[in-house]
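The sequence shown begins at 1 in the UniProt record's numbering and counts up one residue at a time. Glycine included, every Cβ here is placed at the ideal spot set by N, Cα and C. Just so we're clear, the structure is a prediction, and the values are computed from it rather than from any experiment.
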Amino acid sequence: MGKLPVPVETYPIVAIIGGAVVGAGWYLARLAQGPEVVWDRKNNDIKQGQTRQVVAQPPLSGAVLPDTSLYHSLNPYFPYNREITEKSRNHSSSPTLTMFSKRIINSAANGCKRSLTSKAIPASYYRNQQASSTDGFIGAIGNTPLIRLNKLSEETDAEILGKAEFMNPGGSVKDRAALGLVLDAEEKGLLKAGGTVVEGTAGNTGIGLAHVCRARGYKCVIYMPNTQSAEKIDLLRMLGAEVHPVPAVAFDNPQNYNHQAKRHADSIPNAVWTNQFDNPDGNRAIHIHTTGPELWLQTNGTIDAFTCSTGTGGTFAGVTNYLKSMNSDIGCYIADPPGSVLASYVQTNGEKMDRDGGSITEGIGQGRITENMTVDVKKADGAFTVPDSDSIAMLYRLLDEEGIYLGASSALNVAAAYKLAKDLGRNEDGTKRKIVTILCDGAYRYQSRLFSRKWLESKGLVDAIPQHLQKYIILE
1 MGKLPVPVET
11 YPIVAIIGGA
21 VVGAGWYLAR
31 LAQGPEVVWD
41 RKNNDIKQGQ
51 TRQVVAQPPL
61 SGAVLPDTSL
71 YHSLNPYFPY
81 NREITEKSRN
91 HSSSPTLTMF
101 SKRIINSAAN
111 GCKRSLTSKA
121 IPASYYRNQQ
131 ASSTDGFIGA
141 IGNTPLIRLN
151 KLSEETDAEI
161 LGKAEFMNPG
171 GSVKDRAALG
181 LVLDAEEKGL
191 LKAGGTVVEG
201 TAGNTGIGLA
211 HVCRARGYKC
221 VIYMPNTQSA
231 EKIDLLRMLG
241 AEVHPVPAVA
251 FDNPQNYNHQ
261 AKRHADSIPN
271 AVWTNQFDNP
281 DGNRAIHIHT
291 TGPELWLQTN
301 GTIDAFTCST
311 GTGGTFAGVT
321 NYLKSMNSDI
331 GCYIADPPGS
341 VLASYVQTNG
351 EKMDRDGGSI
361 TEGIGQGRIT
371 ENMTVDVKKA
381 DGAFTVPDSD
391 SIAMLYRLLD
401 EEGIYLGASS
411 ALNVAAAYKL
421 AKDLGRNEDG
431 TKRKIVTILC
441 DGAYRYQSRL
451 FSRKWLESKG
461 LVDAIPQHLQ
471 KYIILE
């Protein structure tokens, strides 16, 4: 047997030196990436230091990031803070942002070099891989991806982007509102341990509340119109909510589901009616503090237009409020279903509130201006009605072309963004506009209707679906 290249007695020394070299290399690599950033809840401040959750969609180098959006990017479960609205306006660039961005982008770049096969894996996969675990169900709310709708973007003079709110843990954008409503009630002392949350809802807010209440130890009681899908009602009951389907009547009728919810809450101790339609402190505020900043961050502050439908008004109002505070030139447009008054209200500067017809969509459209919308409806740059025929055609297109299984309100929002892209055209400098909308929820809660030939025929919508897409109508 030949001689060993290194004497046996020197092995420990070699091992120590090798370990030191590896350790020094790791340390220098960490320094090159820059320190991580954490939210210090106790001192209500952002600091450099220990590790914390990393944002899944980082800004480009040099992006301007408001303090509030950095905080919510790091941890979507937050202590409610009224001062945060003012803080969001102080969005000057800071060294913290530069180091934070550098760390994430370097991590993504390094991840892509792991193997030859990784060339086929998007960098965003490695950015998401850097994120730590969340603090339970509530910690998973928010920070949803922003999806480029490829086919529609290629057809128009715009980049059409959809905020994937169906990826919230409860399955819809209303997880945010539910969390905001409960946190607001807690902060105001209206809800104590073991209490009951009561709400009137067309479905998704109730589902979000049922999840949040289970996570925080509250009972949940839901009043809803009996016109809602069986899937929604069944899911609420599976989540432990007490559900009261009641006849669908106008808001000015004492038997409206919303008024019945309030009376129920008033009749029992330690209960709160969260009043999602007229509670800007809980509903609208959550979108000012989370959804708006996330969109700003994910687009690197380059949004040209935002559009979405409204039910309670919280999403449109909160996002519009935030985006306009960052750049008043961003166009914000209301997408309205048939039977809602908001389009005519905006188009006539508040002089008319016409409502004609009805819609297959659930949870959107309104017959009045809710308190959530009172301030921000005046900031809308326009509004238009999207017919059900356009919504259902878009729903089937998105399934076929993008592989995204969305509900009718999401499809309406995308149809609105598509219309807006065609109406607005390119920017003056010839670049494509960036138009953002909300993908509210998936089709799972509506599939017994939206993919039923019998139901579609009853609504006169089969012919609105292109012939080559009717293969997806698989239910009788």
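Please check the pair residue i and residue j, which I expect to be a contact at CB under 8 Å, by giving their CB distance rounded to whole angstroms.
| i | j | result |
| --- | --- | --- |
| residue 162 | residue 147 | 5 Å |
| residue 192 | residue 275 | Actually they are not in contact, since the Cβ atoms of residue 192 and residue 275 sit about 18 Å apart, beyond 8 Å. |
| residue 313 | residue 361 | The pair is not a contact, with the Cβ atoms about 15 Å apart (cut-off 8 Å). |
| residue 180 | residue 286 | 3 Å |
| residue 282 | residue 322 | Not quite, the Cβ-Cβ distance comes to about 16 Å (not below 8 Å), so this is no contact. |
| residue 367 | residue 248 | Wrong, their Cβ atoms sit about 12 Å apart, outside the cutoff. |
| residue 205 | residue 177 | 6 Å |
| residue 453 | residue 476 | 6 Å |
| residue 195 | residue 218 | 6 Å |
| residue 236 | residue 210 | 6 Å |
| residue 426 | residue 232 | About 41 Å; that fails the 8 Å criterion. |
Look at the alpha carbon of residue i and the alpha carbon of residue j, and state the distance between them as a whole number of angstroms.
| i | j | result |
| --- | --- | --- |
| residue 259 | residue 252 | 9 Å |
| residue 166 | residue 16 | 51 Å |
| residue 317 | residue 376 | 5 Å |
| residue 518 | residue 420 | Limits of the chain in this structure are 1 at one end and 476 at the other, which puts residue 518 out of reach. |
| residue 359 | residue 337 | 6 Å |
| residue 185 | residue 152 | 41 Å |
| residue 101 | residue 145 | Bear in mind that a pLDDT of 32 at residue 101, under 50, signals an unreliable position, so the number given afterwards is only what the model happens to contain. Rounded to whole angstroms, residue 101 to residue 145 spans 17 Å at the Cα level. |
| residue 160 | residue 154 | 9 Å |
| residue 495 | residue 396 | No answer is possible for residue 495: it lies beyond the span of the chain, which begins at 1 and ends at 476. |
| residue 112 | residue 134 | Per-residue confidence for residue 112 stands at a pLDDT of 33, beneath the threshold of 50, marking its modelled position as unreliable; the derived number appears in the next sentence. Computed Cα separation, rounded: 24 Å. |
| residue 385 | residue 365 | 10 Å |
| residue 320 | residue 349 | 17 Å |
| residue 200 | residue 264 | 10 Å |
| residue 226 | residue 415 | 27 Å |
| residue 373 | residue 449 | 30 Å |
| residue 401 | residue 471 | 14 Å |
| residue 326 | residue 139 | 26 Å |
| residue 363 | residue 164 | 17 Å |
| residue 198 | residue 473 | 37 Å |
| residue 356 | residue 136 | 44 Å |
| residue 302 | residue 244 | 44 Å |
| residue 234 | residue 157 | 42 Å |
| residue 52 | residue 297 | Unreliable positioning characterises residue 52 in this predicted model, as indicated by a pLDDT of 31, which lies under 50. The coordinate reading is nonetheless provided below. Each residue's Cα considered, the two are about 18 Å apart. |
| residue 290 | residue 280 | 14 Å |
| residue 409 | residue 212 | 23 Å |
| residue 418 | residue 300 | 22 Å |
| residue 378 | residue 324 | 12 Å |
| residue 305 | residue 332 | 6 Å |
| residue 288 | residue 458 | 40 Å |
Mind checking which residues open and close the alpha helix (DSSP H) that includes residue i?
| i | result |
| --- | --- |
| residue 223 | That residue, residue 223, is in no alpha helix (DSSP H); its beta strand (DSSP E) goes 219-225. |
| residue 212 | 204-216 |
| residue 297 | 292-298 |
| residue 149 | First-last for residue 149: undefined, no H or E at that position. |
| residue 485 | What is shown of the chain runs 1 to 476, which leaves residue 485 out entirely. |
| residue 185 | 174-187 |
| residue 138 | 136-139 |
| residue 457 | 453-458 |
| residue 450 | 447-450 |
Taking Cβ to Cβ, would you say residue i is nearer than 8 Å to residue j?
| i | j | result |
| --- | --- | --- |
| residue 461 | residue 388 | yes |
| residue 257 | residue 246 | yes |
| residue 343 | residue 334 | yes |
| residue 340 | residue 412 | no |
| residue 433 | residue 439 | no |
| residue 216 | residue 173 | no |
| residue 143 | residue 242 | no |
| residue 202 | residue 238 | no |
| residue 346 | residue 382 | yes |
| residue 406 | residue 442 | yes |
| residue 168 | residue 141 | yes |
| residue 404 | residue 465 | no |
Between which two residues does the beta strand (DSSP E) holding residue i run?
| i | result |
| --- | --- |
| residue 433 | 433-439 |
| residue 382 | 382-385 |
| residue 245 | 242-246 |
| residue 160 | 158-164 |
>> Quick check for students: name the residue ranges of the alpha helix (DSSP H) that lie wholly in the stretch 336-423, counting only runs of 4 or more.
In response: Correct list: 342-347, 388-397.
> Of all the alpha helix (DSSP H) runs that stay within the bounds of the stretch 255-318, which reach a length of 4 or more residues?
Replying inline: Listed in chain order, the alpha helix (DSSP H) runs fully inside the stretch 255-318 are 257-266, 283-286, 292-298, counting runs of at least 4 residues.
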